[in-house]
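Presented below is the structure to which this report refers.
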Amino acid sequence: MRNTAYDVVIIGAGPAGLAAAITLRKYADVQVLVIDSGKADKIRPGESIPPAALSCINFLGLREQFDCAGHFAYPGNASVWGRDMVGFNDAVLDPLGPPWRLNRLVFDQILVIATDERGVAINWETQYIEQQPIANGYELTLYERIKRQKYSVRTQMVIDASGAGAHFARSLGVKTHIEDQLLGLVRFSTIDSGKMTAQTLLEADKNGWWYAAKLPDNKLVSMYVTEAYTLRQMKNDMAENFSNGIRQTQLLAPRLAPLMLSDHHYYKFPVYSSFLEKVYEERWLAAGDAALCFDPIAAQGIYKSLSTGIRAGKTAVEMLTSNFTDINSAKMYQEYIDANYHTYVNERNHLYQQEQRWPQSNFWKNRIQAQNKAPNTISESKREFQIL
Ligand SMILES: Cc1cc2nc3c(=O)[nH]c(=O)nc-3n(C[C@H](O)[C@H](O)[C@H](O)COP(=O)(O)OP(=O)(O)OC[C@H]3O[C@@H](n4cnc5c(N)ncnc54)[C@H](O)[C@@H]3O)c2cc1C
1 MRNTAYDVVI
11 IGAGPAGLAA
21 AITLRKYADV
31 QVLVIDSGKA
41 DKIRPGESIP
51 PAALSCINFL
61 GLREQFDCAG
71 HFAYPGNASV
81 WGRDMVGFND
91 AVLDPLGPPW
101 RLNRLVFDQI
111 LVIATDERGV
121 AINWETQYIE
131 QQPIANGYEL
141 TLYERIKRQK
151 YSVRTQMVID
161 ASGAGAHFAR
171 SLGVKTHIED
181 QLLGLVRFST
191 IDSGKMTAQT
201 LLEADKNGWW
211 YAAKLPDNKL
221 VSMYVTEAYT
231 LRQMKNDMAE
241 NFSNGIRQTQ
251 LLAPRLAPLM
261 LSDHHYYKFP
271 VYSSFLEKVY
281 EERWLAAGDA
291 ALCFDPIAAQ
301 GIYKSLSTGI
311 RAGKTAVEML
321 TSNFTDINSA
331 KMYQEYIDAN
341 YHTYVNERNH
351 LYQQEQRWPQ
361 SNFWKNRIQA
371 QNKAPNTISE
381 SKREFQIL
């Protein structure tokens, strides 16, 4: 028979939700359920993590699995940004060590297996629909996609790790503030022949910026981050326009030209700089992109989701053990999130301000304006990726 009562229900089985689940079970003998509206092998964007992310992986007890998973340390970045010359940002000087390029599917699987091994059920293809406050928490209505049926569970508290949509918090009326909103057109390819540098390649152009990185298993990811308007103009022949765009770059084109590439798959992802107006109330917390969302220019999203997931897990244990009477830990969690977002915004602004070569370009003007204007609240638009 299905269990219908939990101490904690976590909405979202991305890095934030699973880090929270593993942390909860590390510190407390609590009944935890994770639900996710997607499938277990869902494509998630992001493959580059900073060296600091290893501290989260160590904390979660997953270093051994991480080391055997085919991820590789990469030597740093080459970029054409803010000037016509190639600049290098060498990881060799970083005292924390090199950054890592993930085999993302395997990385996600490691988190799923670890969650399962710690006695936490993950219900895939199960969507959070709505909540009803009850005496000791919430009754949640969930929709099981395979059986096409709704059911409800009771829980003492919720961790909202549902990504940028922050579906639980928003169903309580909590707003997400969007400071900037872009789109990422991502292409995954197989490298059939030719040698690709392990460096991250980054290059600004008039209407956005390009990124390319070698992945484990002879794969390549390339991405163009731009505004919706520019992508609409590319829409008639997205693949052709994408390839033409790369061919016009100064840094990426000569490094990608010798490669024989096949098996292209294109995806479109929303790219947000956003934060939730509050990340806790008496019986819920938000973690990962649900709490704060970073532009991939920062390459900090996965690390932030792991670290806020861990922190949310610890905070949830303190809330549960005090029977929700002590809110100091939740307040400290809010301060931690605020400080994280503040640091991110300064870094993002610094990066976008460095590019002054196209003063008339709407893309670059809008990035500067985004830094100065009041944030929008979230629209009801769909906040998931699309396969093209
Ligand atoms: C184009 C792009 C490139 C990026 N590149 C990088 C990179 O190189 N490095 C990096 O560190 N970061 C990168 N990021 C950011 C990174 O992908 C995210 O910050 C990180 O994956 C967020 O993890 P999360 O667990 O918070 O959310 P997610 O991984 O988004 O997980 C949220 C989960 O919640 C589920 N969900 C949503 N709604 C519901 C619901 N109603 N009911 C049940 N489940 C629900 C979803 O199915 C999803 O699985 C990139 C982002 C983008 C858009």
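The opening position of the sequence shown corresponds to residue 1 in full-length UniProt numbering, with each subsequent residue numbered one higher. For glycine and all other residues, C-beta sits at the position ideal for the given N, C-alpha and C. All figures in this text were calculated on a predicted structure; none of them were measured in a lab.
{"query": "Which runs of the alpha helix (DSSP H) spanning at least 4 residues fall entirely within the segment 224–274, listed in chain order?", "result": "228–234, 238–247 and 252–256"}
{"query": "Taking only the alpha-carbon atoms, compute the straight-line gap between Gly208 and Lys26 and give it to the nearest angstrom.", "result": "43 Å"}
{"query": "Residue 391: buried (16+ other C-beta within 10 angstroms of its C-beta) or exposed?", "result": "Because the chain in this structure spans residues 1 to 388, residue 391 falls outside the shown range and cannot be described."}
{"query": "To the nearest angstrom, how far is it from the Cα of Ala78 to the Cα of Ala164?", "result": "29 Å"}
{"query": "In the DSSP assignment, what residue or residues form a beta bridge with Val279?", "result": "Paired residues: none, contrary to the question."}
{"query": "Is Asp338 helix, strand or coil by DSSP?", "result": "helix"}
{"query": "For Gly14, which three-state DSSP category applies?", "result": "coil"}
{"query": "Over the uninterrupted alpha helix (DSSP H) stretch that includes Gln356, give me the two end residues.", "result": "Here Gln356 belongs to no alpha helix (DSSP H), and DSSP marks it neither H nor E."}
{"query": "Taking the alpha helix (DSSP H) that Tyr303 falls in, what are its first and last residues?", "result": "Gly301 to Thr321"}
{"query": "Just to confirm, does Glu47 get its C-beta within under 6 Å of one of the non-hydrogen atoms of ligand 1?", "result": "yes"}
{"query": "Using CA atoms only, rank isn't needed, just tell me which of Met223, Asp289 and Leu24 is closest to His167.", "result": "Asp289"}
{"query": "At what residues does the alpha helix (DSSP H) containing Ile57 begin and finish?", "result": "Ala53 to Phe59"}
{"query": "If you count every other CB in all the chains shown that lies within 10 Å of the CB of Ile191, and 16 or more means buried, which is it?", "result": "buried"}
{"query": "State whether the segment 145–161 contacts the segment 50–67, with contact taken as three or more CB pairs (one from each stretch) at a distance under 8 Å.", "result": "no"}
{"query": "Going by beta-carbon coordinates alone, are Glu47 and Leu111 separated by less than 7 Å?", "result": "no"}
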